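Notes to accompany the following structure.
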Amino acid sequence: MKSDKRPQGGPAVPNGDALFGSLFAQTAVGVAVISPEGGFVRANEALCRMLGYGEQELLQKNVRDVTHADDLESTQEIRLEFLAGPGARVHERRYLRKDGSALWVQVVGALVRDGSGSPQCFVVLVYDITELKLAQDALKASESRFRRMVELSSDWYWVQDENFRFVQLSGVEKRGIDPEAFIGKTRWELQGPGSLPEKAWQQHREKLERHEPFSDFVYTAQDNAGEMRYLSVTGEPIFDAQGRFKGYHGVGKDVTEKARGLKDLEDSEERYRMLFDIHPRPMWVVENKTLRFLAVNQAAVDHYGYSREEFLSMTAEQLRPPEDIAQLLKDFQDPSRSYMQRVARHRKKNGEQINVEIVSFNLAFDGRPARLAVISDVTERLKAEQQSRELEARYRALIESRKDPG
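So the sequence shown is numbered by my numbering: it starts at 4 and just counts up by one.
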């Protein structure tokens with residue numbers, strides 16, 4: 004049936020056969036006419052290429068012949084659904100190619116009825132969505148592996164909206180923390196006692212507002228028992244297809260035990276530094292390679308007359324007379340001795356030369372090989388010992404002179 008009717012103000016509309024022929028001839032989408040019983044009546048080149056059959060081969064087959072065995076039951080249900088009522092239907096299923104390999108297709112179809120309303124045929128469009136399904140399966144597998152990795156590492160996954168409020172937490176309950184206590188709140192609204200100073204939170208918020216990724220941000224929050232937990236979080240911004248910022252997502256880890264251990268270590272180091280600084284004898288740390296002073300205590304500052312800043316700009320050689328420097332270098336070049344005790348000569352800032360006894364130990368200071376030295380000024384003791392030896396010598400000479408018969 005031809006028609007040359009045209010909508011008012013529009014072009015002429017071709018007849019139905021011309022429209023269907025144009026659609027059928029296109030090669031991007033599979034097109035088929037299927038009998039009410041499921042047999043192929045017509046199939047275009049795109050569908051034949053998709054399934055690997057010639058057109059005459061395909062016309063000898065039924066839809067069930069090209070449907071994956073696992074989808075046969077649903078195919079029959081879809082056929083009955085088509086017959087039950089008007090309108091187009093969209094379904095996904097697996098078809099089989101001539102070589103036996105499977106492909107995923109999306110079928111969009113409608114039932115055509117004759118003038119009496121009896122089913123005449125089905126007209127379907129078939130889209131190959133195999134690559135899309137494979138990508139979706141790969142994404143699901145990747146997400147599954149990611150979540151499994153999160154579970155195995157005792158981490159959790161979190162999501163925040165564009166206002167940095169939590170909208171999802173998965174796995175945090177394993178650490179005794181109620182996820183509902185987080186939902187709808189920002190991270191800084193959850194900080195527990197002893198948390199970060201306000202400046203640190205400000206810097207964190209500024210980074211989020213710049214939509215920058217961050218890693219290993221540690222803060223505190225209370226668990227269900229009211230105990231303070233140290234939480235380390237890493238995150239990155241989320242953007243939609245148009246580049247609009249949608250929020251953040253990332254992972255978190257409970258680092259409470261590690262943080263407590265570091266706190267104990269910091270307390271221990273603090274006690275060590277306090278003992279170092281209040282020790283009544285001069286003490287310092289000298290780097291093995293450069294002989295630079297890395298740390299000095301107050302007793303050294305008081306005894307030698309240099310300020311702490313002056314000490315830290317000097318090397319150990321600057322305390323020695325020139326003729327003693329060779330021995331100093333030799334002592335530091337000997338790696339075999341972790342403990343050393345010796346007597347040396349030092350010079351104070353005012354030029355006074357003193358005799359000292361040095362007890363030193365090897366250690367690592369800020370990751371650098373160094374020596375910790377404890378200094379005892381033995382100048383007066385050596386003078387006293389020298390005077391004692393001189394007096395003893397004079398006394399012996401006097402005794403010997405009295406024994407002389409002349």
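Ideal Cβ positions, reconstructed from N, Cα and C, are used throughout, including at glycine. Remember, it's a predicted structure, so these values are computed and weren't measured experimentally.
From the options, residue whose alpha carbon lies closest to that of residue i
| i | options | result |
| --- | --- | --- |
| F220 | E209, L234, G229 | L234 |
| E165 | G250, G179, V175 | G250 |
| R97 | T70, E403, K64 | T70 |
| G112 | V170, I37, L172 | I37 |
| E58 | E80, P324, G33, R311 | G33 |
| C51 | H94, Y130, D73 | Y130 |
| V108 | F125, S119, L135, R371 | L135 |
| H282 | G370, M231, A184, A376 | A376 |
| W161 | E312, A105, G238 | G238 |
| K101 | G174, K292, T293, G55 | G55 |
| R276 | V258, Q301, T259 | Q301 |
| R371 | G179, K292, P285 | K292 |
| K177 | R232, K202, Q123 | R232 |
| E95 | G103, L75, L114, S104 | L75 |
| L114 | F125, P240, G174 | F125 |
| T259 | I180, E326, S404, E312 | I180 |
| H252 | Q163, D305, K202, E183 | Q163 |
| G103 | T189, M53, L199, S77 | M53 |
Rounded separation between residue i and residue j - CA only
| i | j | result |
| --- | --- | --- |
| L193 | F242 | 25 Å |
| I186 | A244 | 26 Å |
| R399 | Q389 | 15 Å |
| D380 | F217 | 53 Å |
| V110 | A141 | 23 Å |
| R168 | K210 | 15 Å |
| W191 | R247 | 24 Å |
| V359 | D158 | 57 Å |
| A228 | V254 | 23 Å |
| E328 | F335 | It is Ile, not Glu, that sits at residue 328 in the sequence shown. I328 and F335: Cα-Cα distance of roughly 11 Å. |
| A396 | E383 | 20 Å |
| M343 | L394 | 32 Å |
| L128 | E215 | 45 Å |
| L155 | K143 | With a pLDDT of 48 at L155, under the threshold of 50, the predicted position of this residue should be treated as unreliable, though the coordinate-derived value follows. Going by the C-alpha atoms only, they are around 18 Å apart. |
| K386 | A347 | 15 Å |
| F27 | L61 | 15 Å |
| D73 | Q63 | 22 Å |
| R345 | I361 | 5 Å |
| L83 | G41 | 11 Å |
| V236 | Q225 | 15 Å |
| P132 | L106 | Before going on, a small fix: residue 132 reads as Ile here, not Pro. Their Cα atoms are separated by approximately 8 Å. |
| Q139 | N365 | 60 Å |
| Y222 | V170 | 19 Å |
| D337 | R374 | 12 Å |
| S310 | E355 | 16 Å |
| E403 | P325 | 42 Å |
| E230 | A184 | 14 Å |
| A203 | K333 | 48 Å |
| N353 | Q330 | 23 Å |
| K8 | F43 | In this prediction, K8 has a pLDDT of 47, which is less than 50 and means its spatial position is unreliable; what the coordinates show is noted afterwards. Looking at the two C-alpha atoms, the distance is approximately 33 Å. |
| E312 | P200 | 30 Å |
Contact check, residue i vs residue j, beta carbons under 8 Å
| i | j | result |
| --- | --- | --- |
| W287 | A262 | no |
| A31 | A49 | yes |
| L297 | F368 | yes |
| K256 | Y307 | no |
| I1 | R67 | With the chain represented from 4 up to 409, any question about residue 1 goes unanswered, as that position is not in the structure. |
| R284 | I378 | yes |
| V299 | A319 | no |
Residue i: CB within 7 Å of a non-hydrogen atom of the ligand SAM
| i | result |
| --- | --- |
| K386 | You won't find the ligand SAM in this model; it holds no ligand whatsoever. |
According to DSSP, residues forming a beta bridge with residue i
| i | result |
| --- | --- |
| N358 | R348 |
| G238 | F217, G253 |
| G112 | R92, V127 |
| R276 | Answer by DSSP bridge pairing: none, since R276 is not bridged. |
| N65 | G42 |
| E165 | Paired residue(s): none; E165 is not in a bridge. |
| G370 | Beta-bridge pairing links G370 to no other residue. |
| W159 | G255 |
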